[in-house]
Amino acid sequence: MTTSMNDIIKETGIQKGGIYRHFKDKEQLMIEAFQFSVQIMHQHFVKMVEPCKDTKEKLNAFVEAFFDLSKNKPIVGGCPIFNAATEMDDLEGNTFIDYIDQAMDNLKDFLSNIIHKGLQSNELKEFVNPNEASIFIISILEGALVLYKLKKDEQIITSIHHYLNHYFSTIFHERQ
6 MTTSMNDIIK ETGIQKGGIY RHFKDKEQLM IEAFQFSVQI MHQHFVKMVE
56 PCKDTKEKLN AFVEAFFDLS KNKPIVGGCP IFNAATEMDD LEGNTFIDYI
106 DQAMDNLKDF LSNIIHKGLQ SNELKEFVNP NEASIFIISI LEGALVLYKL
156 KKDEQIITSI HHYLNHYFST IFHERQ
């Protein structure tokens, strides 16, 4: 909500009347823009993960899809969920936070579902908790995006890949 309508008008080239013809207020515009960005991100994750045949490939594809955000793919600016959460977390009574919370839950559920299926197919060790593992993985990936955005150092992405691969090796059954 920190972006002014004048900034939006200047950036889009659309007049205020044109914006308010489609959106009742700035909050509705913000919510719909956020949901659109999240939908694009989700479609990218699905496109990357669905063709994979096993859980290990799917987890690696999820990580790759996440790191695509650091390269402004499929949308500019990184993870829209994290960006919105850090922007809006201190605004009390804001209904937008509910949309952000739901989007994060959906991302977590998407990853948790991959992990759950890996447990069902006996690819993952029994101690793995899908909810906890998905929170852990997403937290690492979001943190990596922030560090990368700040430092512009590819070594951050390489290091996270290395440590996530190590983590993955501890949760998978060894193949015969």
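For the sequence shown, the positions run 6 to 181 when my numbering is used. Using N, Cα and C, we set each Cβ at its ideal position, and we do this for glycine too. Bear in mind the structure is a predicted one, so any value in this text is a computation, not a measurement.
- Query: Out of L169, R180, K76, which has the shortest C-alpha to C-alpha gap to N127?
  - Reply: By one-based count along the sequence shown, residue 127 stands at place 122. Nearest of L169, R180, K76 to N127, Cα basis: R180.
- Pull up the CB-CB distance for F177 and L129, whole angstroms please, since I reckon it's below 8 Å. Mapped onto the sequence shown, residue 177 falls at position 172. Mapped onto the sequence shown, residue 129 falls at position 124. Right, the Cβ-Cβ distance comes to about 6 Å (below 8 Å), so this counts as a contact.
- Query: Which class does Q181 belong to by DSSP, given the choice of helix, strand or coil?
  - Reply: Indexing the sequence shown from 1 puts residue 181 at position 176. With a pLDDT of only 42 at Q181, under the threshold of 50, the placement of this residue in the model should not be trusted, and no figure is reported.
- Message: Pop quiz: I102 and M93 are said to be a contact at Cβ under 8 Å. What is the actual Cβ separation, rounded to whole angstroms?
- Response: Locating residue 102 in the sequence shown gives position 97, where the first residue counts as 1. Locating residue 93 in the sequence shown gives position 88, where the first residue counts as 1. Correct: roughly 5 Å between the Cβ atoms.
- Could you spell out the range, first to last residue, of the alpha helix (DSSP H) harbouring T163? On the sequence shown, residue 163 is found 158 positions in, with the first residue counted as 1. Where T163 is concerned, the enclosing alpha helix (DSSP H) stretches over 159-176.
- Item | Same chain only: Cβ atoms within 7 Å of I105, ignoring 5 sequence neighbours per side | Reading the sequence shown from its first residue, position 100 is the one you call residue 105. Hits under 7 Å: I86, A89, A90, M93.
- Message: Whole angstroms are fine: how far does the CA of Y168 sit from the CA of S117?
- Response: Taking the first residue of the sequence shown as 1, we reach residue 117 at position 112. Taking the first residue of the sequence shown as 1, we reach residue 168 at position 163. C-alpha separation (whole angstroms): 19 Å.
- Message: Is the separation between the beta-carbon of T175 and that of I119 shorter than 9 Å?
- Response: Reading the sequence shown from its first residue, position 170 is the one you call residue 175. Reading the sequence shown from its first residue, position 114 is the one you call residue 119. Cβ distance not < 9 Å, so T175 and I119 don't count as in contact.
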